[in-house]
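Asker: In this note's numbering, the protein residues as written are 1276 to 1532. From the three backbone atoms N, C-alpha and C, an ideal C-beta is built for every residue, glycine too. Handing you a structure now.
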């Protein structure tokens, strides 16, 4: 057998990753996984990220926390400018921050619609745009990883704005991949299944919904946040250099059922 001349490279050594919503749950797990692979981390969120910082710095990586509320795009340029000046040019962007509101569609309010769409879709586009503009201007390769959802593929119930935002995010991922692949920027998404996070607390607390969800997952359990990090490292690494516009399900087999 002929030896490989170009071994697969998952290392993120020397790269800087900006991760939104990295204070807890999936965002925290992704930030830590990227740090394990060698990346320095810029974490953006509304609340303290001390726990994430402790885990990342224990790995010998640099950590910068930027407090910002992505409910408005006014913060985006200042966030990217601070990240670039304090940590260095952003090589990897993980758009993880997201919110959810639950109510029957007959009763759903405009405020709950706008709040979710602003964080989950509008800010994702404009943050990606701001980071990509710098990558292109500086002739640097880049990786953008969006955190989609099972609701990028399915309808769900009682979460109309969340479903719309995550379906839109899958489409946006493909569009940006089409536009930016030739510029050296890979844009992909991860679609988590049912993980143990703050967003799923209401589902797990509902005995009927919890049982129904578990009955459909071939793996037979809710995902642990630590189980999503490998997909993020792959999409952020040179191993995924020819992967553009994919939405990678990490779902315990949910969609295969």
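(1) Regarding residue 1312 and the ligand SAH, is the C-beta to nearest heavy atom distance less than 7 Å?
(2) State the beta-bridge partners of residue 1292 as determined by DSSP.
(3) Thinking C-beta only, is residue 1482 closer than 8 Å to residue 1532?
(4) According to DSSP, what are the bridge partners of residue 1422?
(5) Do residue 1362 and residue 1336 have their C-beta atoms within less than 8 Å of each other?
(6) Spatial neighbours of residue 1474 within its chain, please: CB distance less than 6 Å, with the 5 preceding and 5 following residues excluded, ordered by chain position.
(7) Would you give the residue range spanned by the beta strand (DSSP E) that residue 1391 belongs to?
(8) Between the C-alpha atoms of residue 1427 and residue 1495, what's the straight-line distance to the nearest angstrom?
(9) Indicate the three-state DSSP secondary structure (helix, strand or coil) for residue 1225 in the structure shown.
(10) So, for residue 1442: in the same chain, excluding its five sequence neighbours on each side, which residues have a beta-carbon less than 6 Å away from its beta-carbon?
(11) Alpha carbon to alpha carbon, how far is residue 1350 from residue 1277? Give it in angstroms, no decimals.
(12) In three-state DSSP terms, what is residue 1331?
(13) Please report the distance separating the alpha-carbon of residue 1453 from that of residue 1460.
(14) Beta-carbon within less than 7 Å of residue 1400's beta-carbon, same chain only, minus the 5 sequence neighbours each way: which residues are those?
(15) What residues are listed by DSSP as bridge partners for residue 1520?
(16) Expressed to the nearest angstrom, what Euclidean distance is found between the alpha-carbon atoms of residue 1325 and residue 1445?
(17) What residues in its chain sit with their C-beta under 7 Å from that of residue 1379, if we drop five residues either side in the sequence?
(18) The alpha helix (DSSP H) that contains residue 1222, what's its start and end?
(19) Given that a residue counts as buried once 16 or more other Cβ atoms are within 10 Å of its Cβ, and exposed if not, what is residue 1303?
(20) Specify, as a first and last residue, the run of the alpha helix (DSSP H) that residue 1509 falls within.
(21) Over the uninterrupted alpha helix (DSSP H) stretch that includes residue 1410, give me the two end residues.
(22) Give me, in chain order, the residues of the same chain whose beta-carbon lies closer than 7 Å to that of residue 1348; leave out the 5 immediate sequence neighbours on both sides.
(23) Anyone know if the C-beta pair for residue 1301 and residue 1472 falls short of 8 Å?
(24) To the nearest angstrom, how far is the alpha carbon of residue 1468 from that of residue 1437?
Answerer: Taking the geometry as given:
(1) No copy of the ligand SAH appears in this structure; indeed no ligand is present at all.
(2) Looking up residue 1292 in the chain shown gives position 17. Residue 1292 pairs with 1316, 1367.
(3) Residue 1532 sits at position 257 when you count from the first residue of the chain shown. Residue 1482 sits at position 207 when you count from the first residue of the chain shown. No, the Cβ-Cβ distance between residue 1532 and residue 1482 is not below 8 Å.
(4) Indexing the chain shown from 1 puts residue 1422 at position 147. Paired residues: 1465.
(5) Residue numbering aside, residue 1362 sits at position 87 when the chain shown is read from its first letter. Residue numbering aside, residue 1336 sits at position 61 when the chain shown is read from its first letter. It is not a contact, given that the beta carbons lie outside the stated cut-off.
(6) For the purposes of this step, residue 1474 is identified with residue 199 of the chain shown, where counting begins at 1. So the qualifying residues of the chain are 1375.
(7) The residue given as residue 1391 occupies position 116 in the chain shown. Residue 1391 -> not in any beta strand (DSSP E); alpha helix (DSSP H) instead, spanning 1385-1392.
(8) Position 152 of the chain shown, counted from the start, is the residue given in the question as residue 1427. Position 220 of the chain shown, counted from the start, is the residue given in the question as residue 1495. Rounded to the nearest angstrom, the two C-alpha atoms are 22 Å apart.
(9) Nothing in the structure corresponds to residue 1225, since the chain is present only between 1276 and 1532.
(10) As a first step, residue 1442 is located in the chain shown; it is residue number 167 there, counting from the start. Result list for residue 1442: 1427, in chain order.
(11) Mapped onto the chain shown, residue 1277 falls at position 2. Mapped onto the chain shown, residue 1350 falls at position 75. Its pLDDT being 38, under 50, residue 1277 is placed unreliably by the model, and nothing is read from it.
(12) Translated into positions along the chain shown, residue 1331 becomes position 56. In the structure shown, residue 1331 sits in a helix (DSSP, three-state: H, G or I).
(13) As a first step, residue 1453 must be located in the chain shown, where it is residue number 178. As a first step, residue 1460 must be located in the chain shown, where it is residue number 185. Near 10 Å, if we compare the C-alpha coordinates of residue 1460 and residue 1453.
(14) Against the chain shown, residue 1400 aligns to sequence position 125. Contacts found: 1447.
(15) Numbered from 1 along the chain shown, position 245 holds the residue referred to as residue 1520. Residue pairing from DSSP leaves residue 1520 without any beta-bridge partner.
(16) Mapped onto the chain shown, residue 1325 falls at position 50. Mapped onto the chain shown, residue 1445 falls at position 170. Taking the straight line joining both Cα atoms gives about 31 Å.
(17) For this step, residue 1379 is matched to residue 104 along the chain shown. In the same chain as residue 1379, and ignoring 5 residues on each side of it, the C-beta atoms closer than 7 Å to its own belong to 1433, in chain order.
(18) The chain is shown from 1276 up to 1532; residue 1222 falls before or after that span and cannot be answered.
(19) Along the chain shown, read from residue 1 onward, the residue named residue 1303 stands at position 28. Around the CB of residue 1303, 16 or more other CB atoms lie within 10 Å, so the residue is classed as buried.
(20) Locating residue 1509 in the chain shown gives position 234, counting from the first residue. Looking at the DSSP string, the run of the alpha helix (DSSP H) that includes residue 1509 is 1504-1511.
(21) Translated into positions along the chain shown, residue 1410 becomes position 135. Element bounds for residue 1410: 1398-1412.
(22) One-based indexing of the chain shown puts residue 1348 at position 73. Here residue 1348 has 1397, 1398, 1401 as same chain residues with Cβ atoms under 7 Å from its own Cβ, once five neighbours each way along the sequence are excluded.
(23) Position 26 of the chain shown, counting from 1, holds the residue named residue 1301. Position 197 of the chain shown, counting from 1, holds the residue named residue 1472. Going by beta carbons, residue 1301 and residue 1472 fall inside the 8 Å limit.
(24) Residue numbering aside, residue 1468 sits at position 193 when the chain shown is read from its first letter. Residue numbering aside, residue 1437 sits at position 162 when the chain shown is read from its first letter. Cα-Cα distance, rounded: 14 Å.
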